[in-house]
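Undergrad: Dumping the structure here so I can ask a few things about it.
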Amino acid sequence: MIDLAKFLFYISIAAILAINCLAAALSTSLANAAAIRAMEFQPSAQESINKISILGTVLLETSVILSLVMTIILLFGDTTALTINIYSSIATVGLAIAVSISGAIVSIASHWPLKEACMSVARQPFFAGKIQQILLLSQSLTQSPIIFGFLIALIIKNELNNINTLDGALRYLAAGICMGVGSLGPAIGLGTFAAAACKGVGYNKRAFGKILTFTFLSEAIIETPLIFAFLISALMLTPLIKSGAIGLVAAVCMAIGTLTPGISSGNVSAQACEQISKDMENTSIYRRVSLFSQGLIDTMTIYALLISLLLIITVQF
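Just remember that the working numbering sits 3 ahead of the position in the sequence shown, which is counted from 1.
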C-alpha cells in the first residue's frame, strides 16, 4: 500500500521544480528562436541582440532558481525531522501550488517582452541600450508573482511541524491556491504590457521617455490584483481563520477574481502603449484613458476582495 501522506508530500516537492523547468525550458527556446530570427533580419546587430538575449534569459530563469532553492530547503532543511502526516502533506500541496503555478506563468510571460526586444534591436540597432533598459525594467516587474509565491511558500514551510488539524491544513492549502492561481491574470497582464513596451520603442525610439514613464504607472496598476491575492493568502496563514473550508472558499474567490482583471488591465495598457509609439502628440490622452479604464477594471478585483473578507468575517464573528 502507498502511504498517501508521504506520496503527497514528496510529489509536491518534485512538482515544484518539474513544472517550473517545463515552463522555463519552453519559454527559453521560444525567446532564443526569436533572437536568432532577429539576427537574421539585422546581421549587423548580432552582438547587441546576443547580449540582450542572454540578460533576458537570466531573468526568465528566476522562477527555476527560486523553485530549486525551495526544493532543496524542503528536502534538506528542518523538515528532515518532520513526522509526515496527512495534514502536513496537504499543506505542502498548497506550498507547491504557490511556487509552481506562479513560477510557471512568470516564465512564460517573461519571454514575450524578450522576443519583442530582440526584434526591436534589429529595427533600431543603435538604440539597443535603451531597449535593454526597458526590457530589464519590465521583466523585473514581471517577476513579482513568483517572489510573492516564494514568500508564502517559506511561511508555510516554517509551519509544517505545527499543522495537526484538517482546518489548519486547509488554511495552508487555501493560501497556496490563492497565491498560485491569483498570479495567473496579473502575470499574463504584466507580460502583455511589457511586450508592447519593448515593441513600441522598436517602432519609435523617440517615444522611449514617454513609454518608460507609462511603464511604471501601468505595471503598478496591473499588479494591484496580485497584491490583493497576496493579502488574502497571508491572512490564511494567521490563526484568525478558524474554519479551513471557509478559508478555502474565500481563497478561491479571491484567486478567480484576479484572473480576468489582470489580463484585461494588461491588454488595455498594451494598446495604449502601442498608440503612444505611433502618436506621441496625444500621449496624455492615451495615458489618461488607459489609467481610467484600468482603475475601473480593478474594481472587479476589489469586489472579490470584499466578498472574501466578508466570508472570513461572517464565519469567524
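A virtual CB, placed ideally from N, CA and C, is assigned to each residue, including glycine. If you're wondering where the values come from, they're calculated on a predicted model, not measured in any experiment.
For Val204 and Thr145, what's the separation of their Cα atoms in angstroms?
TA: Within the sequence shown, residue 204 is the residue found at index 201, counting from 1. Within the sequence shown, residue 145 is the residue found at index 142, counting from 1. Each residue's Cα considered, the two are about 18 Å apart.
Undergrad: Distance check for Asp301 and Ala254, CA to CA, integer angstroms please.
TA: Here residue 254 refers to the residue found at position 251 when the sequence shown is read from its first residue. Here residue 301 refers to the residue found at position 298 when the sequence shown is read from its first residue. If you take the alpha carbons of Ala254 and Asp301, they lie about 18 Å apart.
Undergrad: Please report how far the alpha carbon of Ala18 lies from the alpha carbon of Ser103, in whole angstroms.
TA: Numbered from 1 along the sequence shown, position 15 holds the residue referred to as residue 18. Numbered from 1 along the sequence shown, position 100 holds the residue referred to as residue 103. Approximately 7 Å between the Cα atoms of the pair.
Undergrad: So, for Gly321: in the same chain, excluding its five sequence neighbours on each side, which residues have a beta-carbon less than 6 Å away from its beta-carbon?
TA: In the structure displayed, the chain extends from 4 to 320; residue 321 sits before or after that span and is not available.
Undergrad: Do Ile131 and Gly183 have their C-beta atoms within less than 8 Å of each other?
TA: Numbered from its first residue, the sequence shown carries residue 131 at position 128. Numbered from its first residue, the sequence shown carries residue 183 at position 180. The amino acid occupying residue 131 in the given sequence is Ala; Ile does not appear at that position. In this structure, Gly183 does not lie closer than 8 Å to Ala131 by Cβ.
Undergrad: Using the Cβ count rule (16 or more neighbours within 10 Å means buried), how would you classify Gly298?
TA: Taking the sequence shown and counting its residues from 1, the one referred to as residue 298 is at position 295. Answer is exposed; the Cβ neighbour count stays below 16.
Undergrad: Using only CA atoms, which one of Ala27, Cys201 and Ile39 lies nearest to Val109?
TA: If you number the sequence shown from 1, residue 109 lands on position 106. Ranking the options by Cα distance to Val109, first place goes to Ala27.
Undergrad: Inspect the beta-carbon positions of Ser141 and Ala197 and report whether they are closer than 8 Å.
TA: Locating residue 141 in the sequence shown gives position 138, where the first residue counts as 1. Locating residue 197 in the sequence shown gives position 194, where the first residue counts as 1. Cβ atoms of Ser141 and Ala197: closer than 8 Å.
Undergrad: Hey, Lys9 and Ile87: beta-carbon distance below 8 Å or not?
TA: Sequence index remark: in the sequence shown, residue 9 carries index 6 (1-based). Sequence index remark: in the sequence shown, residue 87 carries index 84 (1-based). In this structure, Ile87 lies closer than 8 Å to Lys9 by Cβ.
Undergrad: Buried or exposed: Gln127, going by 16 or more other Cβ atoms within 10 Å of its Cβ?
TA: Position 124 of the sequence shown, counted from the start, is the residue given in the question as residue 127. Residue environment analysis places Gln127 among the buried positions, since at least 16 neighbouring C-beta atoms fall within 10 angstroms of its C-beta.
Undergrad: Counting pairs of Cβ atoms below 8 Å between the region 301-310 and the region 272-282, do you hit three or more?
TA: no
Undergrad: So what does DSSP say about Lys54, is it helix, strand or coil?
TA: Start at 1 with the first residue of the sequence shown, and residue 54 comes out as number 51. In the structure shown, Lys54 sits in a helix (DSSP, three-state: H, G or I).
Undergrad: Exposed or buried, what is Glu136 when buried is set at 16 or more other beta-carbons lying within 10 Å of its beta-carbon?
TA: Within the sequence shown, residue 136 is the residue found at index 133, counting from 1. A small fix is needed here, since residue 136 is Gln in this sequence, not Glu. Gln136 should be labelled exposed.
Undergrad: Measuring alpha carbon to alpha carbon, tell me which of Ala36, Ala200 and Glu64 ends up nearest Ile52.
TA: For the purposes of this step, residue 52 is taken as the residue at position 49 of the sequence shown. Relative to the Cα of Ile52, the nearest Cα in the group Ala36, Ala200 and Glu64 belongs to Ala36.
Undergrad: Out of Phe295, Tyr90 and Ser143, which has the shortest C-alpha to C-alpha gap to Gly247?
TA: Looking up residue 247 in the sequence shown gives position 244. Cα-wise, what sits closest to Gly247 is Tyr90.
Undergrad: Nearest CA to the CA of Ala275: which residue from Lys54, Thr60, Phe217 and Glu50?
TA: By one-based count along the sequence shown, residue 275 stands at place 272. Of the candidates Lys54, Thr60, Phe217 and Glu50, the one whose C-alpha sits nearest the C-alpha of Ala275 is Phe217.
Undergrad: In the structure shown, what three-state DSSP assignment does Thr195 receive?
TA: As a first step, residue 195 is located in the sequence shown; it is residue number 192 there, counting from the start. Helix, per DSSP.
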